[in-house]
Amino acid sequence: MNALFTSIGHNLFLVFGLLACAGAAVMILSTSAVHSVLGFLFSMIMVAACFLCLSAEFLGMAQLLVYAGGIVVLFLFVVMLVELTKYKEKSLFTTQIKWSFPLVLIALGIFAYTMKSNLFDAATPVALSLSSGLAEGLSVSAQNAQMVSRGLFAGFLLPLEILSVILLVALVGALVLAKSERVS
Amino acid sequence: MISLNLVLFISSLMFFIGVAGVLIRRNLLIILMSIELMLNAANLNLIAFARQSGTVDGQAFALLVMGFAAAEVAVGLALAVALYRRKDTVQADDINLLNG
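Shown next as structure tokens:
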């Protein structure tokens, strides 16, 4: 029993990743939309755990806040607004299902083959580092959030500003699109 | 120690579950969720590559992708709600105005 726990502790990333894939499978295969959203939520929490296993602590917490806290709630609100029950009797899946599964399997095979030939003997991971000017006064191994922010504002300042404009446009656009049209 | 191949395997599995979801489901909300899943698989890859190369750029870029995904899902859900108001459906097969 102890050996089992030790082995699970050494393979936490694999456990969380497979659980995330299981949640994703529940999401695409379940017949009820609310169950799909719950599968999506489970999958996102497990992906956040994967991020933590990959020593990306800040991104793991951001994933929890953005997805589990924001996007899943948005999906649940829309599932509540849009009445789906009257489509129960119609078929849930598209008619091209017999084509799509072989297509996905072929694509997965090509992907796995490419990965096998290119990255089979990958180097061992190295500790994250910043250039000496950026890392001034920072213990790089211990402070993931500070390191990500320094890297972000040094190398990705323009993309970050563009992203903020995109978020503003998306906010206004979503308001305009979802606004109910009043009958005058 | 987590090898790069393991991360790539998990993230490709997740990506192709997302592709399968886009291909086989008819509900617009579930198609949107599958797209989010594919973006998450890409994020997992970015973080794994950042860890492999020892630079912080991959994590910074994953943060940008996360913000972009939030913007995309807001607009997509607003479109789904507008479509439901107008055509009373969110099934992808019923939206065939350009079908010819």
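Line order of the protein sequences matches chains P and E. Mind the numbering: the first sequence is residues 1 to 184 in my numbering, read in order. Mind the numbering: the second sequence is residues 185 to 284 in my numbering, read in order. In this text, a Cβ means the ideal position worked out from N, Cα and C, and glycines have one as well. Computed from a prediction, not measured in an experiment: that's the story for all the values here.
- For E:R235, the three-state secondary structure derived from DSSP is helix.
- Around the C-beta of P:V172, fewer than 16 other C-beta atoms lie within 10 Å, and the residue is accordingly described as exposed.
- Under the Cβ distance rule, E:N280 does not count among the residues neighbouring chain P, no pair being separated by less than 8 angstroms.
- Exposed is the label assigned to P:G70, since fewer than 16 other Cβ atoms lie within 10 Å of its Cβ.
- Cα atoms of E:N280 and E:K271: separation of roughly 11 angstroms, rounded to the nearest angstrom.
- Inside the stretch 23-105 of chain P, DSSP marks no whole beta strand (DSSP E) run of 3 or more residues.
- Leaving aside the five residues that flank P:F75 on each side, the residues in its chain whose CB is nearer than 8 angstroms to its CB run, in chain order, V37 and F40.
- Using a Cβ distance threshold of 8 angstroms, P:A174 and E:V259 count as a contacting pair.
- Using a Cβ distance threshold of 8 angstroms, P:A20 and E:M217 do not count as a contacting pair.
- Look at E:Q275 here: in three-state DSSP terms it is strand.
- Along the stretch 136-150 of chain P, going in chain order, the ones with a CB nearer than 7 angstroms to a CB of chain E are M147 and V148.
- For the stretch 41-63 of chain P, the beta-carbon criterion of a distance under 8 angstroms to any beta-carbon of chain E is satisfied by S43, M44, V47, C50, F51, C53, L54, S55, A56, F58, L59, A62 and Q63.
- When secondary structure is reduced to three states using DSSP, E:N283 falls in the coil class, being assigned neither helix nor strand.
- If you ignore the 5 residues before and after P:H35, its C-beta comes within less than 8 angstroms of the C-beta of V26, all in its own chain and listed in chain order.
- Check the Cα spacing between P:S164 and each of E:I231, E:N283, E:A255 and E:L261: the tightest is with E:A255.
- Closer than 8 angstroms to the CB of P:V165 there is not a single CB belonging to chain E.
- With a beta-carbon spacing of about 30 angstroms, P:F77 and P:A145 fall beyond the 8 angstroms limit used to define contacts.
- Nearest CB-CB separation between P:V172 and chain E: not below the 8 angstroms threshold.
- CA-to-CA, the gap between P:G60 and E:N283 works out to about 43 angstroms.
- P:G137 has its alpha-carbon roughly 33 angstroms from the corresponding atom of E:N224.
- Within chain E, the residues whose beta carbon sits less than 9 angstroms from that of P:M115 are N189, L192, F193 and S196, listed in sequence order.
- When 8 angstroms is used as the limit between beta carbons, P:A107 is near these residues of chain E: F200 and V203, in chain order.
- If you look at P:R150, you'll find it in the alpha helix (DSSP H) that goes N144 to G155.
- P:N11 sits in coil when the DSSP states are folded into three classes, being neither helix nor strand.
- Comparing alpha-carbon positions, the option among E:A234, E:R235 and E:L221 lying closest to P:G17 turns out to be E:L221.
- Against chain P, the CB of E:A246 has a partner CB under 8 angstroms away; the residue lies at that interface.
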